[in-house]
Amino acid sequence: MKAKLGMSPIAWWNDDLPELSDDVSLEECLAQSRSAGFTGMEQGRRFPSTPEEMLPILKKADVTLCGGWFSGTLVNDDLAANKDRIQPMIELFKAVDAPCIVYGEVGRSIQGDRSKPLATKAVLSDDEMKAYARKLTAFGEWCAEQGMPLSYHHHMAAVVQFEHELDAFMKQSGEGIPLLLDAGHLAFAGGDVLRAIDSHHKRISHVHVKDVRLDVIRALDWTRQSFLDAVALGAFTVPGDGSLDFGAIVQKFADHGYEGWFVVEAEQDPKKSPPLKMAQVGHAELMRVMTAAGYTVETQGFPAA
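Under the working numbering, think of the first position of the sequence shown as 30, with each following residue one higher.
What follows is the structure, encoded as structure tokens:
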């Protein structure tokens, strides 16, 4: 079985918490990640928006674009508005041969609002979840028809956060909307990561190997503290530096025959947790557990001419 290892630039620059950002250029971010062994990088705010600008940077760094976040609003807005917003991203991602676009729901979400405690997140009724899931399926099918598949990201503080919400979304949606399984977000929400992989492995197309510090999470007051408060306190980290057993998690993916990207996405304070050091820790741990699970980790970065 083959796997690829990527990173998210959120370890270097945090879009929602500018104070948790390092003054590092895109080129240095890519160089640090590549030196740690990662062959892909998800899109971040310092990436250029045209393939003419992006491809030379990726080639020089010897990395590929392994995904990127789209802030979807389908829980509130119609398909047409989201199609219009995602179309340029589809064209860019096709031009640089990215594997997918990560769909993150921001409609009715409190993930970016530090004034909103975790306990105040929106909850969809059964009928709302059915309608939402069907709309996402149609949107995912349309994006795939345009040549760029989506991967749906369940997320803390969003409408699909808890494991039972993920189960409901997956039950009501169709194969047209694949799943991004994020170990850290599911564990933060009190879910069982291994059970979720068992339940939804047929639809998983992309994986975020985010670790958590459970001592930080257990100390949170959900009636007073927000998702961004949790991030600032250090709720997330890289595999090998937190509480999750990635040996068991990666083995579970292997048991179900998953092949593709495993992306380290770990937002935390770069001053307390230097991104290069964290990249090295995360890569070493993933190589250890992936070798044990029988994966061959691809070392090819930017495609050879």
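Cβ coordinates follow ideal geometry from the N, Cα and C atoms, glycine included.
In the three-state scheme derived from DSSP, where H, G and I count as helix and E and B as strand, Thr79 is classed as coil. Comparing alpha carbon positions, the residue from Met199, Lys33 and Phe67 closest to Pro128 is Lys33.
In summary, His183 is buried, with 16 or more beta-carbon neighbours lying within 10 Å of its beta-carbon over all protein chains present. Taking all protein chains in view, the Cβ of Ala110 is surrounded by fewer than 16 other Cβ atoms within 10 Å, so the residue is classified as exposed. Using a 10 angstroms sphere on the CB of Met30, the tally of other CB atoms stays under 16, which defines it as exposed. Taking 4 residues as the shortest admissible run, the stretch 115-182 contains the following complete alpha helix (DSSP H) segments, listed from N- to C-terminal end: 155-174. Straight-line spacing of the CA atoms in Ile130 and His229 works out to 19 Å. Under the DSSP assignment, Met30 falls outside any beta strand (DSSP E); it carries neither an H nor an E label.
Following the DSSP letters along the chain, one finds Ile233 in no alpha helix (DSSP H) but inside the beta strand (DSSP E) bounded by residues Ile233 to His237.
In the structure shown, Asp44 falls within a coil segment according to DSSP collapsed to helix, strand and coil.
Put simply, of Lys164, Asp227 and Thr320 the residue whose alpha carbon is nearest the alpha carbon of Ile206 is Lys164. Straight-line measurement puts the Cα of Leu243 at about 43 Å from the Cα of Glu81.
The beta-carbon distance between Ala212 and Ile278, rounded to whole angstroms, is 6 Å. This is short enough to meet the 8 Å contact definition.
Between the stretch 74-91 and the stretch 142-160 there are fewer than three C-beta pairs closer than 8 Å, too few to call the two in contact. Taking C-beta atoms as the reference points, Trp98 and Gly133 count as a pair closer than 8 Å. Rounded to whole angstroms, the separation of the alpha carbons of His235 and Trp171 is 19 Å. Look at Asp240 here: in three-state DSSP terms it is strand. When only Cα atoms are considered, Asp52 and Ala167 end up about 40 Å apart. From the listed residues Asn43, Ala261, Ser180 and Leu215, the smallest Cα separation to Gly101 is found for Ser180. 8 Å or more divides the Cβ of Leu59 from the Cβ of Glu296. Gly271 is positioned such that its CB atom lies no closer than 8 Å to that of Arg63.
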